[in-house]
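Okay, structure first, notes after.
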Amino acid sequence: MGRMSRFAIQRPPLPHLLAGAGAGLVGILVMFVIQLALRTIAGTPTVAELMGDRIAPLIPYGPFLFLLGFFGGYNQFKQLGIAAAFAGQALAGVLGGVVLASVAHNEPGAAERGGRPGPRTIRIVAGMAAAVWLLMTLLLLPNLGTSYIGLPPGTATFATMLSLAVGLAAYAATSVLAYGWLLPAPARATVASDVDASVPINLGRRRLLVGGAGIVAAVAAGGLLRQLADKTTFSYDGTQYSGPNLDPITPNDRFYSVTKNVVDPRVRADAWRLDVTGHVDRSMTYDLPQVEALASVDQETTLMCISNPIAWGLMSNAVWTGVPMAALLDAAGVQDGAEEVLLHGADGYTDTFSIAKAMDPTTLVAYRMNGEPLPQRHGFPARVIVPGMYGEKNVKWVTSIEVVDRDAKGFYESQGWGPDFEIPNRSRIDADLSQAIRVGTPFLLHGIAFGGNRGVSGVEVSTDGTRTWQPARITYAGTDLTWSFWEYDWTPASGGRAQIAVRMTDGQGDLQTADERGTAPQGATGYHRVTAMVSA
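Under the numbering used here, the first residue of the sequence shown is numbered 6, with each subsequent residue one higher.
Shown next as structure tokens:
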């Protein structure tokens with residue numbers, strides 16, 4: 006019994022635990038500064054961003070949408086997630102400091118050193134930091150290829166692993182140093198012979214220095230967070246393009262925008278590379294000038310988000326300039342058995358579609374939008390354009406096209422969206438029905454129709470609750486890959502409420518379905534129905 010008590014772990018006194026907690030807090034603040042500085046300068050993701058991207062695909066779309074509604078939208082949900090991740094790291098840092106205090110207090114010879122960490126404590130702390138790094142690397146491995154400056158996934162994975170190691174090493178070293186300086190005076194003077202009276206220990210000054218270092222780290226982290234906050238996506242995430250005055254070709258600054266990110270990539274053209282890898286004869290890597298030097302096409306294509314309800318404007322149309330993905334895949338040599346392409350974006354986003362779709366000549370790696378370089382928020386320097394498929398398949402900031410011989414799952418596919426991602430026929434009424442509508446006076450109804458990559462052959466309007474339908478005229482036909490604009494001159498014959506609806510027929514002769522379904526998991530269907538008040 007006596008032998009067991011000699012090796013029992015002793016709880017440090019409260020002042021030691023408080024010193025450990027303080028040291029851990031200072032250490033985690035220093036780690037935050039390093040994370041945020043590397044995020045700003047080198048584009049490596051913070052732990053908070055990695056955790057968000059790792060967890061989000063694991064949440065089934067049902068609970069995911071519930072959480073979005075509960076917290077007031079995607080932006081609010083993202084803000085909460087980032088704040089929770091930073092708070093969790095801070096708590097873990099403080100608890101790590103408490104563990105440091107316990108290890109140092111139970112190290113042989115601790116009393117003779119005045120409670121300061123000795124060699125064994127330093128080795129244990131270093132080993133724990135290495136173990137945490139290894140655990141984080143394993144848990145976050147699918148997301149380590151994120152690079153907000155556009156490095157390809159392989160290089161980005163190494164850079165992210167290095168940034169995690171540097172951050173954890175700084176946390177461990179700072180915590181050990183700060184703990185030694187924060188210990189209370191009695192613990193430092195346990196053995197009188199160890200105290201040099203000619204060098205008095207000014208504990209207050211040391212605590213002041215540690216506290217000052219913590220304040221400096223907090224201010225630095227706050228400043229870096231402020232810089233990133235100025236670049237957040239909240240001002241434009243969910244931008245819609247709708248209303249009575251739309252252009253057939255959407256201006257770049259009004260093109261709809263949806264992003265999973267809190268801060269989108271700021272890809273550097275000189276750092277960006279595009280890898281073509283996987284189930285191919287030879288892996289290929291392109292820089293931007295090499296992609297731009299390939300034979301290109303200009304292609305008008307409409308994009309639409311899968312989360313776009315029938316009446317919303319999460320859709321837009323542009324002329325894209327780029328290289329057919331088939332040219333890149335042919336150069337790499339797609340092997341037999343290839344099933345899909347797995348696309349990787351600089352922000353860690355992934356998505357997939359069939360190899361047949363990848364080889365379709367209309368599937369592009371685009372680098373210009375309406376004659377201009379891609380805007381940052383729309384995927385500079387290159388993104389994928391996949392006509393007829395929802396926007397999530399049109400990966401922005403693309404850094405890798407990986408050919409796979411299996412049914413891979415992308416970011417949102419992992420939540421259970423799909424399995425059908427082809428855009429169904431849809432149409433919308435954009436006329437301003439708040440204007441005065443009078444019996445016997447013509448009123449112009451208008452809107453858009455979209456058939457994915459099947460074109461639009463006709464549009465019909467009903468003003469009597471879908472009992473009868475009248476043909477509308479197409480004012481902008483577009484192409485098989487774009488939306489069309491329609492108009493209908495309506496002269497109300499009676500006053501009161503009028504139930505108006507629209508439907509379209511695609512270029513293959515298929516009529517838009519009246520069956521209503523929500524956006525999840527395969528996109529919304531049904532007629533757009535509105536009510537107009539007609540005065541006598």
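Even for Gly, the Cβ is constructed at its ideal location relative to N, Cα and C. None of these values were measured; they are calculated from a predicted model.
Under the three-state reduction of DSSP, which class applies to residue i: helix, strand or coil?
i      : result
Pro378 : strand
Trp495 : strand
Thr484 : coil
Trp186 : helix
Thr357 : strand
Gln94  : helix
Gly350 : strand
Arg287 : coil
Ala525 : coil
Arg16  : coil
Gly594 : Missing from the structure shown is residue 594; the chain here goes from 6 to 541 and no further.
Thr530 : strand
Tyr395 : coil
Phe163 : helix
Tyr153 : coil
Ala371 : strand
Ile87  : helix
Arg210 : helix
Thr49  : coil
Gly228 : helix
Lys236 : coil
Pro147 : helix
Ile345 : First, the amino acid is wrong: residue 345 is Glu here, not Ile. Glu345 falls in the strand class under three-state DSSP.
Ser489 : strand
Gln420 : helix
Val221 : helix
Val400 : coil
Val181 : helix
Pro476 : strand
Arg103 : Looking at the sequence provided, one finds Val at residue 103 rather than Arg. Helix at Val103.
Val171 : helix
The beta strand (DSSP E) that contains residue i, what's its start and end?
i      : result
Val466 : 461-467
Pro20  : Pro20 -> not in any beta strand (DSSP E); alpha helix (DSSP H) instead, spanning 19-46.
Gly452 : 448-455
Pro329 : 320-329
Leu279 : 279-283
Val539 : 533-539
Leu308 : 302-309
Gly501 : 501-511
Glu54  : Segment 52-60 is the alpha helix (DSSP H) holding Glu54; no beta strand (DSSP E) there.
Glu407 : 403-409
Ser432 : 431-434
Among the options, whose alpha-carbon lies nearest the alpha-carbon of residue i?
i      : options                        : result
Gly523 : Val324, Gly512, Asn313, Ser359 : Asn313
Ile548 : Lys362, Glu377, Lys414         : Beyond the ends of the chain as shown, which are 6 and 541, falls residue 548; an answer cannot be given.
Leu308 : Lys401, Val268, Gly228         : Lys401
Ala280 : Val346, Ser462, Leu100, Trp325 : Note that residue 280 is Asp in the sequence shown here, rather than Ala. Of the listed residues, the one whose Cα sits closest to Asp280 is Val346.
Ala234 : Arg16, Pro424, Asn80           : Asn80
Met509 : Trp474, Thr484, Met538, Ala97  : Trp474
Pro249 : Ala26, His451, Ser168          : His451
Asp341 : Val408, Thr404, Thr326         : Val408
Gly384 : Gly393, Arg373, Pro392, Met394 : Arg373
Gln420 : Asn458, Met364, Val464, Asp356 : Asp356
Pro18  : Val466, Thr162, Ala109, Thr244 : Ala109
Asn543 : Met330, Asp58, Thr244, Pro158  : Residue 543 is absent from the model: the chain starts at 6 and stops at 541.
Tyr153 : Gly48, Arg278, Asn257, Pro124  : Gly48
Ile442 : Glu465, Gly501, Gln513, Trp422 : Gly501
Ile14  : Ala28, Gly86, Gly27, Pro113    : Pro113
Asp258 : Thr484, Pro424, Leu379         : Leu379
Starting from residue i, follow the alpha helix (DSSP H) in both directions and report where the run begins and ends.
i      : result
Glu2   : The first residue shown for the chain is 6 and the last is 541, placing residue 2 beyond what the model contains.
Ala298 : 293-298
Pro386 : Taken as a continuous stretch (DSSP letters only), Pro386 belongs to no alpha helix (DSSP H), as it is neither H nor E.
Gly74  : 66-75
Assuming residue i contacts residue j under a Cβ cut-off of 8 Å, what Cβ separation, rounded to an integer in Å, is found between them?
i      : j      : result
Ala371 : Ile360 : Wrong, their Cβ atoms sit about 19 Å apart, outside the cutoff.
Val562 : Leu369 : Since the displayed the chain opens at 6 and closes at 541, residue 562 lies outside it and no answer follows.
Asp515 : Asn430 : 6 Å
Ala175 : Val52  : The pair is not a contact, with the Cβ atoms about 13 Å apart (cut-off 8 Å).
Asp494 : Leu449 : 6 Å
Gly528 : Ile311 : 5 Å
Val539 : Pro497 : 4 Å
Trp325 : Gly155 : At roughly 19 Å, the Cβ-Cβ gap does not stay under 8 Å, so Trp325 and Gly155 are not in contact.
Arg459 : Gln517 : Not quite, the Cβ-Cβ distance comes to about 11 Å (not below 8 Å), so this is no contact.
Gln440 : Gly470 : Contact doesn't hold; Cβ gap of about 21 Å is too wide.
Ala61  : Leu229 : About 24 Å separates the two Cβ atoms, so there is no contact after all.
TODO: Pick out the complete alpha helix (DSSP H) segments inside the region 105-137, 4 residues or longer, and give them in chain order.
DONE: Counting only runs of 4 or more, we get nothing.
Task: Length at least 3, wholly inside the region 239-285: the beta strand (DSSP E) runs in chain order - done: 279-283
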